[in-house]
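Accompanying notes for the structure given below.
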Amino acid sequence: MMTYLTGRVSTPGLAMARHLMQVTLPPDLKEVAAYYGWSNDLPGAGTDRGPAPRSRQDLDPRLARLLGLDLAAPLDLATVANLLAGHSSDGRPIPGKQIQAGERVTFIDLCFSSDKSVSIAWALAPTEAERAVIALAHRDAVEATMTQAVAPLIGRARRGKAGCGGSEAGATAWLAFDHWTSRPTPGEPKHSGLQTHGDPQIHTHNTVLSVVLTPDGRIGSLDLQRMRGRVHELGAIYQAYLARNLRRAGIAAVLDPQHGCARITEIPDAVRTAFAKRTLIGTAAAYTRAETLGLDWNELDERARIALLKQGVQGDPRSAKRDDLGDRAAWQAEAMAMGYAHLSVLGTEPTRPAPSRLERLERAYATALDLIEPELESKAVLNESRIRLAAARALIATGIEAPDEVEAILGLIQTRGVRQEGAQVTLLPSAGDAYDDGSGWQRTTRSYTTGLHLERERELIALVREAAMERAGALDERAITLAATRSGRDFAGTEHGRTQRAAMDRLGTGAAFTAVIGVAGSGKTTLLQPLVDAYGTAGARVYGTALGWKQTRALAETGIPTNRCLALAKLLVDAEQGKLVLGPDAVVVIDELGQVGTRDLLRLMRLRATHGRFRVLAVGDPRQCASVAAGPVIELLRQALGAEAIPEIRTSVRQRDERERETTGLFREGRAAEALTRKRADGTARLVAGDGVQVAEAVADLWWERRTLHANDPNYTLSVSTPTNADALVLAHAIRARRRAAAELQGPDFRVQATDNVGRRFELDVAVGDRVRLFARTPARSDSGQTMEIGVNGSVLIVEAITFEGMRLRDAQGRSGRVAWSTLLRPDGDPNEPRYKLAYGDVMTIDSIQGVTSEESIFVMPRGSDLVDASRGYTAASRHRGDSYIICSEAAERAALERRRPIGASRTVTEDEIWDRVAANLTREPAAVTATMLVAGARAAQTSARQTLALSLAPVEAAENRGLIRASLRRGVGRGREVTQMAAWAERVAEPLAHQLADTAALARHLVGAKMISPPREAIEEAEPVGFGRVRMLRRREVWAHESMGPIDQQLSRVAGLAQSLTGASTGVMSRPGQLAQRFSHRRALQRIDDWARSLGDWLELNLQATGELLKAIAGKSSKASELGTQSEPMPVGFVADPTMEEKRVRRKPIKERSVRKGGGGPER
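Heads up, the sequence shown is in the numbering used here, so the first residue is 32 and it goes up one at a time.
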C-alpha cells in the first residue's frame, strides 16, 4: 500500500521532521537492528535518540552540492526541517530555484506500508536474523520502487507555462524514514492522554523534495501531474518487489486479491484481523480524542498537532494507555491470548527454478485477466488506471524485475484482449490525448471497453428499435380511460395527474417497447394500476419483474398476481427453459429499470424476438441507484429511441410538505449544497463527532426519540439506510441495545454465526422480538403444515420464537411460519464452519431500500460521504413522506479534508467546509458511458484527425506550389530570434561602415584630382608627402585598393543576400499571423533589418564606385598594378581587423613600406 500527501511552504518543517524522526523501534531492538543493518539511530548517547534518515543511495553529486548535503554525515533534525521547508540544508534558498508565490509544494510524502501479515512475522520472529531478513526485504522493496518507478515518473522538470514546452528528466532527492508501529502519537504532552501503543506495522515515509536538476543545470520542480491515477499502481509495484524479496529469502508470499498486497501465507487471517482491530480513521481518531479530553485544537503545540494530523492509524482511545514504542512482550502476549503460537516463516517457500522473463510475463498476463474479469461484469467501460493496477498486482503473484514490466503486460492485454464471462474478447480503446511532453506521457488516461460489450449494446439497440416499430397488443385510449375511472383516481385535476395520464397513454398505446422515467415518489405504482387493469380486461397476461425480489413483490400492489411477480433472473431462466411461456398476449412490466444491466435486458429482448413478440413496459429513474451489472441501460435506450421518445415525470407526490418536496428535488437535480443548507437550517442535517461507534450511538438515540414521539400512531414507520452491510450491522447493534433496554426483546440471546450475500462473516445475537433480514427466497411451514414463501431477499421479519431446530418468523402481512436453520444455511459455505444468511432488519443498505416508502427516514454516513454519490444520496434522501434526517461522521469528513490539505496546515477545518465536502460527494454523478459511446468517440476522434490533417496540409501544399518556403512553428520562432540578433548586430556595425565608406570616397576624390569635400583623416593627421614619399603612398594605396576590391564585392553580395532573406524571402514563410507574430515582434524586426540593409547596400555601392575610380587613377600611374591581385581572405561584415595585423599583412606584399629618412628623400633600398 502507498499513501500520498503533499507538504507546502506553510507546513511546519520542524514539527514534521520531529514526527518523521520519532522513535518507534523498541529499545531492545536498536542494537540488533544496527548490527544487521536494517535500522540505525543518530549518533549520541541515550535510548531516546531518533532514527537516522536515509538519503537516496544514488543521489546525484551535483544535486547534493546544490542542497548542501554531506552524504557521509548523518542528517540531523535541523537539516531535515530546512529541507522540508523548501530550503537547502543550512536554511538558505536553493540557488537557481525560482520561488513561486502562494502555497507552493516543497515536498511530497510517499508512505509504503507492508501487509499486516508481514509486520506480524517481523514482530514475532523467533530469531533476530529472521527479523532482519523481513525488515531488509521491506527496505529493499521501497528503495527499488522509489529509484526505478517513482523517480522516473515525477523527476521531470517542465518547460514553459504549465508544461507547454514539454518536460526534461532530471535528478531528484528524497529522505527515507523507517517506522515500525502503527503511527504512535507524539511523546508530549503526556497529560493529554493521546499516548497509545501501536500495533506492529512496517512502513517507510519517503519525503521527496520538490527539486529537479536537469543535465544542463536547470532547476525545476516535481511534475506531480504524473501521479494522477498512478498512486495505487506504485503501491502495487512496491508490493511486487516485497513479494519477490520475501520469496528469495524462502518466505512464501502470495497475492491477496481482496486488498491487492503481498501476504505471508503462514500468518492466519484471524491473527491479521486481531492485530488490526484497533485501526480507526487516522487523524479523525486523534482529533476526536483531543476534543473529548477538552483540548483546544488551536492551542496544541506544533509537535502534538503535526503528529495528530499525520496519524493515519490510531489505537482505540478507550483502551489503556501504553508506551509510544512498540512492545514485543505485549505483541507476544496478545498472540498467546488468541491461541496463536508463531513459528518461523523461513523455508516455507519451496525451491523452484527461476522462470524466464517471458514465462513470468505470460503468468502475469493470465493473473491480470483474473483480476480484470470481475470488473467487466459490473462496468462496460474501464479506465486505463484500473487495467494498469491489475497488471501491477499480477506481478505480486508472479514476480517482478523492473517496473517497465507493467507496460509489457499492458501491451499484452491490448494486443491479445481480456477474458469476459470465460471467453477471450478484444479490448477497444478510447481516443487518446493529443498532449505529449516528449516522454510518452499523456495528460488524460484512456478508457477501454470490450468487443463483447459493444456487440451486446449494438444488438440491444437494434432489438429495441425493432420493437419500437411494432404496435401489436397496444391499448386504445378509451380502454385506459375506463380503467382509470375504475381506479377511482382523478388524473385530470392536477398538473402531476395529467403528467401521469400522459405517461399511461404512452405506455398503453405506444410501441411494443416503451419506457417512462419517473422520479422517486412520482407515483409509478399509481399509474401502473389502471394499465394492469386495462391489459387484464383485454385478455393479456401481465408479468411484473425487477432486479430484486423485494422490488418485484411490491409490483403486486399494481394488481399483478403474486405468482406472476418474478425477479428478473428467475423470469429469464424460466422463460429460456420453457417453464414460462411469453407469447404475443403477454405484457412484461419492468420496475426500477435503472438497476437492470445490459446483459439481462438483452436476454429479455432476445426472448421477445424468438418467443412470441410480447410487449415490454419499463419504468425507472436513471438518477437513483444504478445497476450492479455492466451497462447504463436507460442511456442505451435514449441512444436507440431518442431522448424525446422517453417521457419523464419530474414531479413527486411522496412528500406531503411542499418544502420537503423541493428539498428532495434539489438532491435529484444535483444541487446537494442547497438541499443541505435547507436541512441544516431545519435541524435535520447533523454532524456527529467521533468514530463509527459514536455515530451509531447518536443514530440510535435519534431513532428512539422519533419512535417515542410517534408511539401512538399505528401507521408510523421509520427507515434507516446506510451505504454498506458492515455499517448497517454496527447501527443495528446500537438500535437493538435500545430495544433491549426498553424490554421490546424477550428471553435470552441466541448467538448465530451469520453471513451476508457477499460472504462477509459476523456474529448475530437474536432474541424474540428482533427484526431480521433475509438474503434469499425463504420457505416456511405454517401451523397447518403447508409450505409457503415467508420472504425474499431484502424482506424484514419479526422473530416470534427460537428453538434449536429453527425460528418462527412473521412477515409484514401477519403471516407466520417456522423456518429451519438448514434453510438459512449458506449452500456454498464451509461445512466445518456453517454460516447462516441472516442480518438485523432495523437498518438497510441504500441499494436494498430503493422502492421503500416510510413515514420518516434516517440516512446515515458513519464513515463519511466517500461511499455515496449523487444517485445513492438521492435514493436515500427520498424515502420519506414526512421528515428525513441526514447524519454524517464529522471525524471521518474532517480526516478526509486533512488528507487533502498540506501537511501541517495551520487553519482548522470549519463546519461549512465539511458540509461542502458532503455536498460535493452527493453531487458526484458517475459518468454514464456506454461501450457504443466510447467507440463512437474514438472513431469520431480518428475521423476528425484525418480531416484536420488534410485541411492543414492543403494550404501548405498550395503555398509550396506558389514557391513559398515551408516553416514550422519551431522554425518560425527560431527565425524571430535570428532577426532580433541580426538587428542588434546591424546597429553595432552600421557606424564603423559609415566611417569607412566616407574615408574611401574622400580618398578617391583626392587621387583623381576632384575637389575634396571632406579630406580623409590621414590627410588631416599628417602633411601631404611630396617626391618619392608621394610615390610610396600611391603604391601603398594601389596595393590596398586591389586587396579591398574582392572583400567589398563579397560584403556587398552577403548584405544583398541578407536583405533578400530577411525581407523578400520572409514574406514567403507560411505562418499564421496572430498572437505569436505579435509576441516576437517579427514584422517590426523585419522592417528594421530591411531599412538597414537597403542603406548598407547604397553605402557599399558608393564604396565600390569610389574604389573603381581609385583603381583607374592608379592604373595610369603604375605599370605594375595589373600584376597585383587580391591575396587576403575576405572579411565578413562586422569584422573589425586588428591594426597591427593589417600592418603585418601589408608588409608581406611585394612593395614594402619603410620608414622615411630624416630630412626627406626616397625610400631605402
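Think of the CB as a built atom: it goes at the ideal place given N, C-alpha and C, for glycine as much as any other residue.
Because the structure is a prediction, the values reported are computed rather than measured.
Here the alpha carbon of L265 sits roughly 57 Å from the alpha carbon of V563. Ranking S879, F835, T818, S813 by CA distance to the CA of V827 puts S879 first. Secondary structure of G848 (DSSP, three-state): strand.
Rounded to the nearest angstrom, the Cβ distance from A551 to D652 is 6 Å, consistent with a contact under 8 Å. Of the residues T753, R955, G968, the one whose Cα lies closest to the Cα of D873 is T753. In this chain, H911 is not harboured by any alpha helix (DSSP H), its DSSP state being neither H nor E. For R249, the secondary structure class from DSSP, reduced to helix, strand or coil, is coil.
Under the three-state reduction of DSSP output, R681 falls in the coil class, being neither helix nor strand. Here Y905 is not near R702, since their CB atoms are 7 Å or more apart.
Within the segment 75 to 131, the complete alpha helix (DSSP H) segments of 4 residues or longer fall at 92 to 98, 108 to 115, listed in chain order. In the structure shown, the three-state DSSP call for L613 is coil. Non-local beta-carbon contacts of A731 in its own chain, meaning distances under 6 Å to residues more than five positions away in sequence, involve A765, I766, R769 in chain order.
The beta carbon of M369 sits closer than 8 Å to the beta carbons of A301, V302, A305 from its chain, once the five residues preceding and following it are set aside; these are given in chain order. Per the coordinates, the alpha-carbon of R669 lies some 11 Å from the alpha-carbon of T961. Beta-bridge analysis with DSSP links Y574 to V619. Cβ contact annotation for A399 (same chain, cutoff 7 Å, sequence separation greater than five): A421, A422, A425, I440, I444, in chain order. Taking C-beta atoms as the reference points, L613 and H642 count as a pair closer than 7 Å. The residues Y566, A571, V573, R646, in chain order, have a CB closer than 6 Å to that of V618 in the same chain once the five nearest residues on each side in sequence are set aside. Excluding its 5 nearest sequence neighbours in each direction, Q784 has C-beta neighbours in its own chain below 6 Å: R866, listed in chain order.
Three or more pairs of CB atoms, one per stretch, sit closer than 8 Å, so the segment 229 to 241 contacts the segment 142 to 149. In this structure, A727 sits near V761, with a CB-CB distance shorter than 7 Å. Of all alpha-carbon atoms in L206, L458, A546, F522, the one lying nearest the alpha-carbon of A498 is that of A546. Taking the C-beta atoms as reference points, S119 is found no nearer than 7 Å to T110. Distance from T137 to T42 at the Cβ level is roughly 7 Å; contact confirmed, criterion being Cβ atoms closer than 8 Å. G822 has T809 as its beta-bridge partners, per DSSP. At a Cβ-Cβ threshold of 7 Å, W205 and N237 count as neighbours. Taking the C-beta atoms as reference points, R644 is found no nearer than 7 Å to P678. Excluding residues up to 5 positions away in sequence, L707 lie with their Cβ nearer than 6 Å to the Cβ of W946 in the same chain.
Per DSSP, the continuous alpha helix (DSSP H) segment holding G567 begins and ends at 555 to 568. If you draw a straight line from the Cα of A951 to the Cα of D900, it comes to about 9 Å.
Comparing alpha carbon positions, the residue from R782, R259, S750 closest to R417 is R259. Just so you know, the alpha carbons of L733 and P82 end up roughly 49 Å apart. Between A543 and E488, the CB-CB gap reaches or exceeds 7 Å. If you look at Q451, you'll find it in the beta strand (DSSP E) that goes 449 to 451. The three-state reading of DSSP puts Y871 in strand, counting E and B together.
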